[in-house]
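*Asks:*
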Amino acid sequence: MADTSIIRPPRHISRKVPKSGGPSPEQAIMLALNAAEELTDEYQGWAVDDLRDLWQKFEKLSSDRAVTKAEITEMFDIAHEIRGQGGSFGFDLISAIADSLCKFIEGRRQFNAGVLDVIKVHILAMRAVFHQQLKGDQGALSEQLTELLQALRNKVDLKTNYGS
Amino acid sequence: MSGYDFQNLRVLICDDSRQIRSLLKTFLNGFGIKNIEEAVDGDKAFHGMQQFDPDLVITDWNMPPTSGLDFIERVRMGADSPNPYVPIIMLTGYTELHRVKQARDAGVSAFLAKPLSAQSLYKRLVAVVDDNRPFIRNGKYFGPDRRTERGSDFMGGERRKRLN
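Residue numbers (my numbering), protein chains in the order written: chain A, 675 to 838; chain B, 268 to 431.
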């Protein structure tokens with residue numbers, strides 16, 4: 675077995691951070707949230723671009739031909755990016771829908787008409803969320819939408835896998 | 268009541284998403300941190316480290332051409348690393364258990380899941396400042412002691428010997 679050494683870092687970060695003298699955690703978080711408010715408006719502009727990209731990639735897909743791995747990766751990457759950003763900028767529902775889309779397309783090989791419909795529903799749902807400015811948790815709506823998307827995914831997967 | 272005073276920290280943030288970098292920077296500014304450098308991929312972050320000498324690094328995982336994981340391994344194990352002990356927070360949407368383990372085995376100090384929130388970021392900053400784990404060096408690994416994740420349930424014997 676290789677020798678193992680235990681080392682104390684020579685200059686610990688705590689040396690530069692007094693544990694008092696700064697704003698309280700609540701104040702610090704409030705200051706951060708206030709500062710980030712302006713970014714939320716900018717984010718919507720960026721998100722529109724991401725959704726446009728996603729839609730363009732989607733429109734190139736077709737159930738009549740084999741979808742390449744690169745095409746799937748490109749779509750997944752955009753959806754994954756949207757998932758990470760939506761909730762970060764206050765659009766929790768966007769993250770939930772993008773998460774559902776990521777789960778649906780990751781590693782997928784078959785892109786039949788049903789699969790393409792499910793992707794389309796996800797993109798349209800995200801557009802609607804921005805259009806309606808549905809920020810925050812959205813409680814019951816979020817729950818219902820998540821369940822609905824999961825049911826759709828399951829239904830298409832069942833048909834795709836068993837042809838029923 | 269006052270809290271941690273982060274204002275003297277130098278932070279390097281590395282993410283290929285301009286939006287996430289903006290949000291991170293805005294949150295950190297809100298916490299009182301003004302000395303922030305940005306990088307868009309692992310290579311640029313490594314060069315940024317050499318110039319900027321950060322006290323803390325916050326990095327994304329997926330940033331072509333150099334991933335956050337490659338960047339962390341280079342910081343921890345690279346012969347040319349300017350500071351192999353620097354605390355590193357991995358900020359990512361990839362939160363599956365195997366990914367968390369992979370990041371931990373690369374030497375990450377803390378994991379922060381996207382969507383990003385001011386609350387979760389503040390908590391991670393405090394956790395990193397309070398993190399008193401020693402660093403471990405063996406044949407394949409250099410980084411914070413990983414055993415603490417087993418918590419008080421860890422019942423194994425003490426196999427490591429203190430070499431310095």
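Using N, Cα and C, we set each Cβ at its ideal position, and we do this for glycine too.
(1) Could you check whether G374(B) and G410(B) sit closer than 9 angstroms to each other, using their CB atoms as the reference points?
(2) Check the Cβ of T293(B) against every Cβ in chain A and list those closer than 8 angstroms, keeping chain order.
(3) Should K690(A) be flagged as near chain B, meaning a C-beta pair shorter than 9 angstroms?
(4) By the 10 Å Cβ neighbour count, where 16 or more other Cβ atoms means buried, how is H314(B) classified, buried or exposed?
(5) Can you name the start and end residues of the beta strand (DSSP E) that P411(B) belongs to?
(6) Could you compute how far the alpha carbon of F319(B) sits from the alpha carbon of E304(B)?
(7) If you measure from the beta carbon of D347(B) to each beta carbon in chain A, is any gap under 9 angstroms?
(8) Does F319(B) have its Cβ less than 9 angstroms from a Cβ in chain A?
(9) Below 7 angstroms CB to CB, which residues in the same chain sit around P351(B) once its five sequence neighbours on both sides are set aside?
(10) Could one say the Cβ of G374(B) lies closer than 9 angstroms to chain A's Cβ atoms, at least one of them?
(11) Using DSSP's beta-bridge definition, name the partner residues of N302(B).
(12) Pick helix, strand or coil for F433(B), following the three-state DSSP scheme.
(13) Report the partner residues of L323(B) according to the DSSP bridge assignment.
(14) Quick one: is R391(B) buried, meaning 16 or more other Cβ sit within 10 Å of its Cβ, or exposed?
(15) Taking H754(A) as the query, report the chain B residues whose CB atoms sit under 7 angstroms from its CB, ordered along the chain.
*Replies:* Taking the definition as stated:
(1) yes
(2) A706, A709, A710 and L713
(3) yes
(4) exposed
(5) F409 to P411
(6) 7 angstroms
(7) no
(8) no
(9) V342, R343 and F409
(10) no
(11) R277(B)
(12) Outside the displayed range of chain B (268 to 431) lies residue 433(B), so it cannot be described from this structure.
(13) V278(B)
(14) buried
(15) G360
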